[in-house]
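Q: Numbering (the UniProt record's numbering), first residue to last: 1 to 504. All C-beta atoms in this analysis are idealised placements derived from N, C-alpha and C, irrespective of residue type, glycine included. The structure is given below, and queries will be raised subsequently.
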Amino acid sequence: MTATDGVAVAAASDADASAKGRGGAGGGRPKPEKASLYDSYEKVYPRKSEGRFRRIKTAMNWVLLSIFFIGPWLRWDRGAGAPDQAILIDMPGRKAYFFAIEIWPQEVYYLTGILVLAAISLFFVTALLGRVWCGFACFQTVFTDIFVAIERAIEGDRSARQRLDRGRLTATKLRRKVAKNAAWLGVAALVGLGFTLYFGNAPTLLVDILTLQTGLAPYGTIAVVGGFCFLLAGYAREQVCIYMCPYARFQSAMMDDESLIVTYERWRGEPRGKARKTEDFSQRGHCVDCTLCVQVCPTGVDIRKGTQLACIGCGLCADACDSIMERFNLPTGLVRFDSVKNQAQRAKGQSVVVRWLRPRTLIYTAALTVAVAVMATALMTRSRLEVNIQAERSPLYVQLSDGSIRNGYTVKILNMERIDTPFVVTAEGLPDAQMNIIGYDTDPGQPTTATLPVTGDSVGSFRVYLSAPPDALEGEATPFTFRIENRATGEVTTQSANFNAPAS
């Protein structure tokens with residue numbers, strides 16, 4: 001027996017023994033290993049980055065945070081008796097204000113229109129630039145970026161934070177962890193406070209909150225909003241983007257092979273490997289395998305593996321890669337915003353062009369235009385008058401001593417103007433009818449017409465009684481119409497009703 005044969009026999013013997021150990025004394029087939037349904041969590045330690053996309057991201061953070069915190073303090077003159085806060089959700093008054101737009105509870109369908117506009121806009125931007133909303137404008141990304149900056153300022157950059165977490169608990173570690181969480185809680189409280197100020201007059205509400213002169217609702221709102229901010233931006237971080245947010249799942253359906261996304265030029269970067277600054281790159285790839293693109297990624301993505309669900313399109317990896325390419329005097333853009341189609345053309349040495357106008361983007365543009373037009377038309381032509389009429393059910397009718405039939409109705413008129421307004425109420429379609437309104441007289445010479453005053457921003461409720469001779473009716477239920485006219489503006493609304501009578 002040769003030495004090679006001996007090694008083979010020994011290996012076979014070891015394999016047989018191992019199989020028996022796994023499969024039992026009978027030497028059966030090995031038991032399959034159990035696979036976990038869940039991936040093990042690995043904490044991401046984003047490294048500080050610099051570059052144009054980092055500057056854009058920082059500028060966007062400042063702009064969005066300024067809008068969020070300054071919004072409640074903007075003023076808008078709506079006249080006497082109306083709140084002058086430009087953006088306000090008035091829960092006690094059951095109205096919402098957005099500059100010149102005033103939304104009542106029954107107009108909540110406008111919220112649906114706003115959501116449709118937001119969705120189509122998101123689809124449009126995604127078709128053009130991929131997941132840039134996530135990378136630059138999403139509140140989760142913005143607040144996470146701030147929390148990471150605080151963490152970096154207190155605990156140090158990536159390697160320092162890793163060493164701190166791996167090390168044993170010391171006074172220094174405890175002090176830094178406490179300081180970090182305290183700073184996070186402070187920012188989260190400010191976020192909760194900023195959100196709460198949209199629900200009341202900001203100057204007054206802020207003083208009441210700071211002096212403990214308000215109810216539990218504002219403090220509860222601050223606690224809930226601030227608590228979620230603390231947990232999601234401080235601890236959940238990229239897990240929200242990867243697992244909790246549904247947008248990551250369906251974004252691919254909105255993109256095509258010409259959408260600009262973060263890409264890696266594999267044809268230029270491979271084969272990768274470590275390199276010296278003076279090395280000749282003519283016979284190797286430009287990627288020096290520094291993993292800096294992975295280290296700066298907020299979600300820990302290795303973009304060299306291709307497009308991935310976890311990539312939020314922030315471009316920080318492109319900044320990191322460009323800095324390395326410049327260090328080695330190589331062309332930048334190894335990691336860049338590009339389309340799949342253009343990457344294939346670059347690999348073949350062909351010229352590339354970015355096509356902004358293509359069927360998908362044109363469809364989204366048309367849909368967005370239609371949605372904006374519908375919303376604008378609805379807002380400009382919306383009625384400032386709402387009417388609700390309910391017939392009395394018990395009794396349905398009353399027969400008077402002169403033989404005529406009387407029906408009762410409750411007429412509610414919502415005056416959506418801020419000034420007191422007279423409304424002319426007329427019952428049309430009931431010949432020889434008479435109108436009686438508790439507390440009000442009919443107009444002279446018009447037995448079925450009355451002028452009723454309604455104060456601004458309120459509902460006027462009136463008890464209206466109509467009587468008509470039996471021979472003027474069409475049976476047990478005679479249809480007619482209430483016509484309500486705003487005397488100040490001429491706006492008219494009508495509502496159908498039935499006049500009930502006994503069977504003839």
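1) Between which two residues does the alpha helix (DSSP H) harbouring residue 224 extend?
2) Could you work out which residue in 403, 411, 343 and 384 is closest to residue 392 when comparing CA atoms only?
3) Could you tell me whether the Cβ atoms of residue 415 and residue 387 are closer together than 8 angstroms?
4) In this structure, does DSSP put residue 117 in helix, strand or coil?
5) Could you spell out where the alpha helix (DSSP H) holding residue 53 opens and where it closes?
6) Does the distance from the C-beta atom of residue 46 to that of residue 148 stay below 8 angstroms?
7) Would you mind working out which of 446, 427, 385 and 443 sits nearest residue 491, comparing C-alpha positions?
8) Tell me the DSSP secondary structure of residue 390 in three-state form.
9) Please tell me whether residue 87 and residue 371 are closer than 8 angstroms, where the distance is taken between their beta carbons.
10) Helix, strand or coil for residue 493, going by three-state DSSP, please let me know.
11) Please go through the same chain and pick out, in chain order, the residues whose beta-carbon is closer than 7 angstroms to the beta-carbon of residue 352, but skip the five residues on each side of it.
12) Roughly how many angstroms lie between the CA atoms of residue 236 and residue 253, to the nearest whole one?
13) Pick out whichever of 309, 456 and 472 has its Cα sitting closest to the Cα of residue 423.
14) Are residue 298 and residue 144 touching if we call contact CB-CB under 8 angstroms?
15) For my contact list, residue 53 and residue 315 are in at a C-beta cut-off of 8 angstroms; report their separation, rounded to the angstrom.
16) Where does residue 488 sit, in a helix, a strand or coil, going by DSSP?
17) Indicate whether the contact test is met: 3 or more Cβ pairs, each with one atom in the segment 129–140 and one in the segment 164–175, closer than 8 angstroms.
18) Compute the beta-carbon to beta-carbon distance between residue 432 and residue 469, rounded to the nearest angstrom, for a pair I have assumed lies under 8 angstroms.
19) Taking Cβ positions, are residue 128 and residue 259 nearer each other than 8 angstroms?
20) Let's test the definition: count the other Cβ atoms within 10 Å of the Cβ of residue 362 and tell me whether it reaches 16, buried, or not, exposed.
21) Give a yes or no on contact between the segment 218–234 and the segment 181–191, applying the rule of three or more CB pairs nearer than 8 angstroms.
22) Considering only their Cβ atoms, is the gap separating residue 99 from residue 133 smaller than 8 angstroms?
23) With hydrogens ignored, establish whether the beta-carbon of residue 160 is closer than 7 angstroms to any heavy atom of the ligand GDP.
24) So who's on the other strand from residue 95, going by DSSP bridges?
A: So, from the listed chains and residues:
1) 216–231
2) 411
3) no
4) helix
5) 52–70
6) yes
7) 385
8) strand
9) no
10) strand
11) 342, 345 and 346
12) 26 angstroms
13) 456
14) yes
15) 3 angstroms
16) coil
17) no
18) 6 angstroms
19) yes
20) exposed
21) yes
22) no
23) For the ligand GDP, the structure offers nothing, since it holds no ligand at all.
24) 90
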